[in-house]
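Visitor:
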Amino acid sequence: MTVKAPPQIDATAAGFEFLVAPQHGGVRLDRFLAERPEIIAAHLSRSRIKALIEAGRATIGGAAARDPAKKLAAGDRVALDVPPAAPAEPKGEDIALNIVREDAHLLVIDKPAGLVVHPASAHESGTLVNALIAHCGESLSGVGGVKKPGIVHRIDKDTSGLLVVAKTDAAHHGLSRLFADHGRTLPLTREYLAFVWGVPDRAHGAVEAPLGRHATQREKMAVVSPARGREAVTHWEKVEDYGVASLLRCRLETGRTHQIRVHMAHIGHPLIGDKTYGAGFKTKVAKLSPHAREIVEALGRQALHAATLGFEHPITGEEMLFESELPADLEGLRAALAEV
Numbered sequence: 008m009t010v011k012a013p014p015q016i017d018a019t020a021a022g023f024e025f026l027v028a029p030q031h032g033g034v035r036l037d038r039f040l041a042e043r044p045e046i047i048a049a050h051l052s053r054s055r056i057k058a059l060i061e062a063g064r065a066t067i068g069g070a071a072a073r074d075p076a077k078k079l080a081a082g083d084r085v086a087l088d089v090p091p092a093a094p095a096e097p098k099g100e101d102i103a104l105n106i107v108r109e110d111a112h113l114l115v116i117d118k119p120a121g122l123v124v125h126p127a128s129a130h131e132s133g134t135l136v137n138a139l140i141a142h143c144g145e146s147l148s149g150v151g152g153v154k155k156p157g158i159v160h161r162i163d164k165d166t167s168g169l170l171v172v173a174k175t176d177a178a179h180h181g182l183s184r185l186f187a188d189h190g191r192t193l194p195l196t197r198e199y200l201a202f203v204w205g206v207p208d209r210a211h212g213a214v215e216a217p218l219g220r221h222a223t224q225r226e227k228m229a230v231v232s233p234a235r236g237r238e239a240v241t242h243w244e245k246v247e248d249y250g251v252a253s254l255l256r257c258r259l260e261t262g263r264t265h266q267i268r269v270h271m272a273h274i275g276h277p278l279i280g281d282k283t284y285g286a287g288f289k290t291k292v293a294k295l296s297p298h299a300r301e302i303v304e305a306l307g308r309q310a311l312h313a314a315t316l317g318f319e320h321p322i323t324g325e326e327m328l329f330e331s332e333l334p335a336d337l338e339g340l341r342a343a344l345a346e347v
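Start counting the sequence shown at 8; every next residue gets the next number (the working numbering).
1. What are the complete beta strand (DSSP E) segments, minimum 3 residues, inside the stretch 153-198?
2. Which two residues bound the contiguous beta strand (DSSP E) that contains residue 118?
3. Using the C-alpha atoms, what's the distance from residue 73 back to residue 244?
4. Under 8 Å by Cβ, that's how I've got residue 262 and residue 189 pegged, so tell me the actual separation to the nearest angstrom.
5. Under the assumption that residue 22 contacts residue 86 (Cβ atoms under 8 Å), give the Cβ distance between them as a whole number of angstroms.
6. What are the boundary residues of the alpha helix (DSSP H) that residue 57 is part of?
7. Please list, in chain order, all residues of the same chain as residue 41 whose beta carbon is under 7 Å from its beta carbon, the five residues on each side excluded.
8. Smallest Cα separation from residue 194: which of 326, 303, 106, 236?
9. Assuming the contact rule is C-beta atoms closer than 8 Å, residue 314 and residue 198 should be a hit. Round their C-beta distance to whole Å, please.
10. Quick one: residues in its chain with C-beta nearer than 8 Å to the C-beta of residue 300, no 5 flanking neighbours on either side, listed in chain order?
11. Residue range of the alpha helix (DSSP H) that residue 273 falls in?
12. If you reduce the DSSP assignment to three classes, tell me which class residue 261 lands in.
13. Could you work out which residue in 252, 30, 45 is closest to residue 310 when comparing CA atoms only?
14. Assuming the contact rule is C-beta atoms closer than 8 Å, residue 123 and residue 135 should be a hit. Round their C-beta distance to whole Å, please.
15. Quick one: residues in its chain with C-beta nearer than 8 Å to the C-beta of residue 346, no 5 flanking neighbours on either side, listed in chain order?
16. For residue 219, which beta-bridge partners are listed by DSSP?
17. Quick one: what's residue 39 bridged to in DSSP?
18. Suppose you measure from the CA of residue 141 to the CA of residue 104; what does that come to, to the nearest Å?
19. Less than 8 Å between the C-beta atoms of residue 241 and residue 270, yes or no?
20. Quick one, which of 306, 132, 217 has its alpha-carbon nearest residue 335's?
21. Going along the chain, which residues of its own chain have a beta-carbon closer than 6 Å to the beta-carbon of residue 80, five neighbours each way excluded?
22. According to DSSP, residue 351 sits in a beta bridge with which residue or residues?
23. Counting only beta-carbon separations shorter than 8 Å, does residue 188 have a partner in chain C?
24. Measuring only the C-alpha atoms, how far is residue 272 from residue 201?
25. Taking residue 135 as part of the alpha helix (DSSP H), name the residues at either end of that continuous run.
26. Which residues in the same chain as residue 221 place their Cβ atom closer than 8 Å to its Cβ, once the five residues preceding and following it in sequence are excluded?
27. Thinking just about the alpha-carbon of each residue, which of 255, 235, 144 is nearest to the one in residue 341?
28. My output table needs one value for residue 237: the three-state DSSP class, helix, strand or coil.
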């Protein structure tokens, strides 16, 4: 079904005014605003509404109301002023992108290994977000009140492959709902190609093990007890057998940080090149041919590629499926392992 794209009201200044009906007396201010059809059409999230209220942008009877929990009375006149979206922070940077699909609402990017998705203290510039801000320019609407791309899922710096990014609030809300569902009731496909040490003794399987922060190394994730972690499920199937290593296709049922890397290490098949979770990989390298050993040692990253991404367009309802070929470094690894 094709749905007409709603107006991006929150990208520019907008004002709303409502009269509280008797049945809405006693309702919280933030809830009342979030349920107005005009607010819904403007794609203002509950968190954005709360921030606007706390910033003094909401009034009741002409007086500023800064408490989102303020209870309304029948007959109150409620107004909400939505300012134009603020300029993006960080700044845009001219970084080349491999854009697979782009329309008014979203982009699908084939990310190279080495590119960080989102700025952080260790990577304040040179990220995918910097590149997207420069590329999209004025086509970005105010995601969360700031003109920036909506990152609804990430892939690690040293993982290559496909990811989708929202350009508008409407797309951001729809994609966020889709990824939060993890494809259980809504159409979403995320498959990765992973080169791992060793060969599983079955053709396919699933790892169901909760993930959380490592107890002592906080930059790492680990399999933990259900009480300490979040549910994580990875389905895998064997694609190629190289004797000392294999190529697996992994399908995510959940999307936790480092999920495939931790789960594969947990079942005794860590990713080739993964220095964080692939302890003992040096002993495996010694079993390779000289050429394969050279390729692995020069890889410089975990051998993981986001190869397939499928989802329903959040605005048009179009079924979309994208596939990405292995990049040159992993294709070279594949060829070298096949020689063993």
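Note that CB positions come from ideal geometry on N, CA and C, so glycine has one too.
Guide: If we stick to the structure as given:
1. 167-173
2. 113-118
3. 54 Å
4. 6 Å
5. 7 Å
6. 53-61
7. 53, 56
8. 326
9. 6 Å
10. 292, 293
11. 266-273
12. coil
13. 252
14. 7 Å
15. 296, 298, 299
16. 229
17. None; residue 39 has no bridge partner.
18. 11 Å
19. yes
20. 306
21. 32
22. Any question about residue 351 goes unanswered here, given that the chain covers just 8 to 347.
23. Considering every chain present, this structure includes no chain C. It has just one protein chain.
24. 12 Å
25. 135-143
26. 227, 228, 229
27. 255
28. strand
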